[in-house]
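Undergrad: Have a look at this one.
Structure representation (structure tokens):
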């Protein structure tokens, strides 16, 4: 078995969505004076590699702490979108090319290669994003969720959050954003695990996401 960590490390100077406060990691107890170390963490719920709940968009929809834990683990397939140019749509053509495997997966993870820009202004630029047709497929095929190595499943210019609203309106569905190292997984089915911090009425939360590959 091989396990690949798909999670960006949380740091005080990490990239955050424009307008969001930077995380704070303050040491409140240290080895020298207290005999142990403890850190106070302050961050927005959608910091770093994180998960969106339906409640992120809709006030009357499900929060992460009320979703069944089984929703956070399942079979997955990486869809290679790394040849797409900046600002191009992730279309059904890419899924149709691997449709048999895609139909079997609980999660589709889209590898754009955009994580290479993590920590640069380009990361918040014209990244590839999902089309409504892909969103419809995710819903109709009853996926547990979707993941990408970009900041959002919607274009940065889409203030209406069209794709978020489509996939979260009527489904207990999760979105995992800011993944990394998707290009190391390969083209076979594997087990995807993304466990969010559990706090009350969570609209979203940082996750530790991993890919578990059988040898």
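Numbering (the numbering used here), first residue to last: 22 to 236.
Glycine residues also receive a C-beta, built at the ideal position from the N, C-alpha and C atoms.
From a predicted model like this one, the values you see are computed outputs, not experimental measurements.
Taking 8 Å as the threshold (C-beta atoms), are residue 167 and residue 128 in contact?
TA: Against a cut-off of 8 Å, the Cβ pair of residue 167 and residue 128 comes out as a contact.
Undergrad: So, at 6 Å on beta carbons, what are the nonlocal neighbours of residue 148 in its own chain, with the 5 sequence-adjacent residues on each side left out?
TA: 135 and 171, listed in sequence order.
Undergrad: Who does residue 47 pair with in a DSSP beta bridge?
TA: DSSP, once it has assigned bridges, lists 61 as partnering residue 47.
Undergrad: Rounded to whole angstroms, what is the Cα-Cα separation between residue 123 and residue 116?
TA: Roughly 7 Å separates the two Cα atoms.
Undergrad: Under 8 Å Cβ to Cβ from residue 68, same chain only, skipping five residues before and after it: list those, please.
TA: So the list reads 31, 35, 37, 41, 44 and 227, once near-sequence residues are dropped.
Undergrad: For residue 158, count neighbouring Cβ atoms within 10 angstroms of its own Cβ and tell me buried if that reaches 16, exposed if not.
TA: Buried, since its Cβ has 16 or more Cβ neighbours within 10 Å.
Undergrad: How is the alpha helix (DSSP H) around residue 212 delimited, first residue to last?
TA: No alpha helix (DSSP H) holds residue 212; the beta strand (DSSP E) holding it covers 211 to 217.
Undergrad: If you draw a straight line from the alpha carbon of residue 60 to that of residue 113, how long is it in whole angstroms?
TA: Rounded to whole angstroms, residue 60 to residue 113 spans 45 Å at the Cα level.
Undergrad: Measure the alpha-carbon distance for residue 144 versus residue 138 and round it to whole angstroms.
TA: Each residue's alpha carbon lies about 5 Å from the other.
Undergrad: So the alpha helix (DSSP H) residue 184 belongs to, where does it begin and stop?
TA: Per DSSP, residue 184 belongs to the alpha helix (DSSP H) from 183 to 189.
Undergrad: Look up residue 23 in the DSSP assignment and say whether it is helix, strand or coil.
TA: It is a strand residue.
Undergrad: First and last residue of the alpha helix (DSSP H) that includes residue 52?
TA: Element bounds for residue 52: 52 to 55.
Undergrad: The beta strand (DSSP E) that contains residue 233, what's its start and end?
TA: Residues 225 to 234.
Undergrad: What separation, rounded to the nearest whole angstrom, lies between the Cα atoms of residue 104 and residue 190?
TA: Going by the C-alpha atoms only, they are around 31 Å apart.
Undergrad: Report the rounded CA-to-CA distance for residue 146 versus residue 125, giving the unit in angstroms.
TA: Computed Cα separation, rounded: 32 Å.
Undergrad: Is it a yes or a no for the segment 196 to 214 touching the segment 62 to 82, going by three-plus beta-carbon pairs under 8 Å?
TA: They touch, by the three-pair rule.
Undergrad: Rounded to whole angstroms, what's the CA-CA distance from residue 83 to residue 65? Just pull it up for me.
TA: Using only the alpha carbons, I get a separation of about 19 Å.
Undergrad: Using only alpha-carbon positions, find the residue among 141, 174 and 140 that is nearest to residue 155.
TA: When only C-alpha atoms are compared, the closest one is 174.
Undergrad: Give the range of the alpha helix (DSSP H) segment to which residue 116 is assigned.
TA: That run of the alpha helix (DSSP H) goes 113 to 117.
Undergrad: According to DSSP, what are the bridge partners of residue 141?
TA: Paired residue(s): none; residue 141 is not in a bridge.
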